[in-house]
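Below: one structure, written as structure tokens.
Written as structure tokens, this is what we have:
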């Protein structure tokens, strides 16, 4: 009989504990590193980075894990949409950027936390609407609460990664602009 991996609620709870530590550390780091004035300059880099990060995540989910869980939930043609799903997250990133600037606290810490507004409904639809926990063999028997908590913390991490990547994109853009300006001055 071949080995079949089965996840448990305990696995999700322990993974959630690890994610709490990782998310908290990442949020503190970002809040200290990205002051509000700097965050305000990140609207378009955030939209671009979220589009890229979430497209890669969806391609991984729908292609690499097709036989593990995705095929139990999505029709086969959905895999071809994976690269384009990130565009929706780019729109959400611009919206979360706007909200983070208007809410109290450090926007760099608030921004990833706003991902909960997307994570909870998305995971709830997957669990209650699509029946992921009943359909996917690897998830059968896992508690709804453990998956919701883990999924929420997972999304916070992905939004932290998107914010970090936005800083990199902004730096690359500034460097390219400076080099272009230098090149223009040198030609004159």
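Residue numbers (our numbering): 658 to 845. From the three backbone atoms N, C-alpha and C, an ideal C-beta is built for every residue, glycine too.
Check, Outcome
"Check whether residue 793 and residue 669 have beta carbons under 8 Å apart", "no"
"Same chain, Cβ closer than 7 Å to residue 802, neighbours up to 5 away in sequence not counted", "none"
"Cβ-Cβ distance between residue 680 and residue 814 below 8 Å", "yes"
"Residues near residue 765 by beta carbon distance below 6 Å, same chain, minus five either side", "687, 688, 691, 696"
"Residue burial classification, residue 748 (beta-carbon count within 10 angstroms, cutoff 16)", "exposed"
"contact_flag[the stretch 715-731, the stretch 752-761] where n(CB pairs < 8 Å) is 3 or more", "no"
"Other residues of its chain near residue 767: CB distance less than 6 Å, five sequence neighbours each side excluded", "757, 760"
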